[in-house]
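Here the structure comes first, spelled out in structure tokens, and everything after it is commentary.
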Amino acid sequence: MPTNKYIYFFRYDTTESMLCKLESKCIFNKQEEHKQLFSNVKIEPSRSAFIKRRLDVISFSTDYDILIDQIKRENIQTDGFKVEYLILEGDLTRNTERLAKLKDVGFCINSYPDYHNPTVTYGICTYENIWYFGVLIKNNFAWQNHKQKPYSYSNSIKQNIAKALVNIAVDSKQEVKLLDACCGVGTIMLEACFAGYEIDGCDISWKICKNARANLSHFNYVGEVHCSDIKNITKLYDAAIIDLPYNLFSAATEDNILHIIKSTSVITDRIVIVSTAEITNAISRAGLRVVNYCIVSKRGKANFTRRIWVCESVDKYKTKEK
Ligand SMILES: C[S@@+](CC[C@H](N)C(=O)[O-])C[C@H]1O[C@@H](n2cnc3c(N)ncnc32)[C@H](O)[C@@H]1O
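Per my numbering, residue 2 is the first one in the sequence shown, and the count goes up by one each step.
Right, here's the structure in full:
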């Protein structure tokens with residue numbers, strides 16, 4: 002009976018569905034379906050805005066009674082435990098039966114429960130005729146503290162999107178050097194630092210750079226912010242993110258967009274580009290190949306759409322094909 006070590010549970014708005022699927026493809030090499038995903042890849046739920054919980058599977062069985070025996074044999078003695086029933090796609094178990102099953106599992110654990118402030122939360126669920134039991138790890142949402150950053154920017158990117166962009170740029174690698182090529186006040190940099198990645202930023206405006214630095218140091222994060230036109234950056238990076246200007250404080254002319262993308266492509270082979278405008282032409286003129294794409298709209302504002310392109314340098318493919 003092949004199974005996975007982890008079951009991930011997702012939560013997202015319908016407007017973010019494509020983004021969440023693209024993010025999960027990059028993290029797990031597999032797309033989430035029905036807001037759930039089975040994988041052997043272990044990541045902290047708080048690395049993503051969309052992963053609500055991770056079940057670390059301890060026991061599983063096609064037979065519920067055998068699973069209960071297995072849990073008993075684990076001889077768990079954790080004081081202050083709690084058990085939650087998790088509903089996966091296709092589980093039609095009625096509420097009364099679910100409560101009875103929570104009791105069954107609770108009685109297998111030789112300690113006192115604490116429903117309000119549990120020390121450990123266990124989970125039970127069923128999918129495609131297999132019952133699973135494990136430890137439940139929740140997204141702690143500590144990253145939402147970043148909302149209290151000292152400096153904000155009217156066209157800053159939404160935190161959920163910023164976190165996904167980092168995961169998409171990283172693409173399941175362990176150690177990467179990232180660049181936020183048009184960093185603004187550093188919304189994306191904060192999320193990369195929270196996840197433990199090395200990231201530098203670059204912005205053409207000295208005032209915005211000053212604010213980005215203040216935001217980073219407010220949370221004790223380390224990240225270099227270059228006050229420069231992106232064309233002057235010579236350091237090489239594993240991947241870059243570009244949240245292109247929207248004509249608010251700097252010109253989003255075709256020439257400027259091409260200039261920013263081309264300059265970034267000189268220092269990295271993988272670029273995740275965000276724009277409200279259609280810029281496919283500029284991407285190919287910059288010598289990049291689109292390997293993935295998605296859109297995110299704003300809830301209640303169907304006309305405001307952010308487009309996200311995952312691009313790789315065409316030269317990289319040429320080198321590979323040689
Ligand atoms: C959409 S904003 C980025 C917002 C940012 N993601 C945030 O959340 O704060 C685009 C930024 O690109 C910067 N910019 C424009 N042209 C640039 C260039 N040639 N090199 C570097 N930065 C540039 C602007 O100053 C602006 O802050």
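Even glycine gets a Cβ: it sits at the ideal position worked out from N, Cα and C.
query                                                                                                                                                       : result
What span of residues does the alpha helix (DSSP H) with H274 cover, start to end?                                                                          : For clarity, residue 274 is Ile in the given sequence; the question names His instead. Unbroken run through I274 is the beta strand (DSSP E), R271 to S276; no alpha helix (DSSP H).
For the alpha helix (DSSP H) that contains Q160, what are its first and last residues?                                                                      : Q160 to V171
Sorry if obvious, but does the Cβ on P151 come closer than 7 Å to a heavy atom of ligand 1?                                                                 : no
Return yes when the C-beta of G197 is under 7 Å from any heavy atom of ligand 1, and no when it is not.                                                     : no
Cα-Cα, which of R300, V275 and G301 is closest to Y294?                                                                                                     : V275
Between I77, D201, K43 and L100, which lies nearest to I88 when the distance is taken from Cα to Cα?                                                        : L100
Going straight from the alpha carbon of I59 to that of K43, what length do you get?                                                                         : 14 Å
Just to confirm, are L166 and T269 a CB contact at a threshold of 8 Å?                                                                                      : no
What's the C-alpha gap between A240 and K174?                                                                                                               : 11 Å
Can you check which of these residues, K83, I138 and D14, is closest to G301 by C-alpha distance?                                                           : D14
With 16 as the cutoff for other CB atoms within 10 Å, does K323 come out buried or exposed?                                                                 : Because K323 sits at a pLDDT of 39, beneath the cut-off of 50, its placement in the model cannot be relied upon, and the point is left open.
Roughly how many angstroms lie between the CA atoms of R95 and T120, to the nearest whole one?                                                              : 28 Å
Taking Cβ to Cβ, would you say Y9 is nearer than 8 Å to R55?                                                                                                : yes
Assign R12 to buried or exposed, taking buried as 16 or more other Cβ atoms, counted over all protein chains shown, within 10 Å of its Cβ.                  : exposed
Nearest to L20 by alpha carbon, out of G107, Q160 and I131?                                                                                                 : Q160
For L191, does the count of other Cβ atoms within 10 angstroms reach 16, so buried, or fall short, so exposed?                                              : buried
For D230, verify whether its CB is less than 7 Å away from any heavy atom of ligand 1.                                                                      : yes
Using a Cβ-Cβ cutoff of less than 6 Å, which residues in the same chain neighbour V315 once the five nearest sequence positions on both sides are dropped?  : G288 and R290
Run the proximity test for S18: is its beta-carbon closer than 7 Å to any non-hydrogen atom belonging to ligand 1?                                          : no
Taking the C-alpha atoms as reference points, what is the distance between A183 and I231?                                                                   : According to the sequence shown, residue 183 is Cys rather than Ala. C183 and I231: Cα-Cα distance of roughly 8 Å.
Is Y154 near ligand 1, judged by its Cβ being under 7 Å from some heavy atom?                                                                               : yes
Measuring only the C-alpha atoms, how far is I242 from I138?                                                                                                : 29 Å
Short of 6 Å in beta carbon distance, which residues of its chain neighbour R308, apart from the five on each side in sequence? Order them along the chain. : S276 and I296
In the structure shown, what three-state DSSP assignment does F11 receive?                                                                                  : strand
Three Cβ pairs or more, each shorter than 8 Å: is that satisfied between the segment 123–138 and the segment 78–86?                                         : yes
Pick helix, strand or coil for D204, following the three-state DSSP scheme.                                                                                 : strand
Measuring only the C-alpha atoms, how far is N141 from L38?                                                                                                 : 19 Å
With a cut-off of 8 Å on the beta carbons, I'd call I272 and S266 a contact; round off their distance for me.                                               : 6 Å
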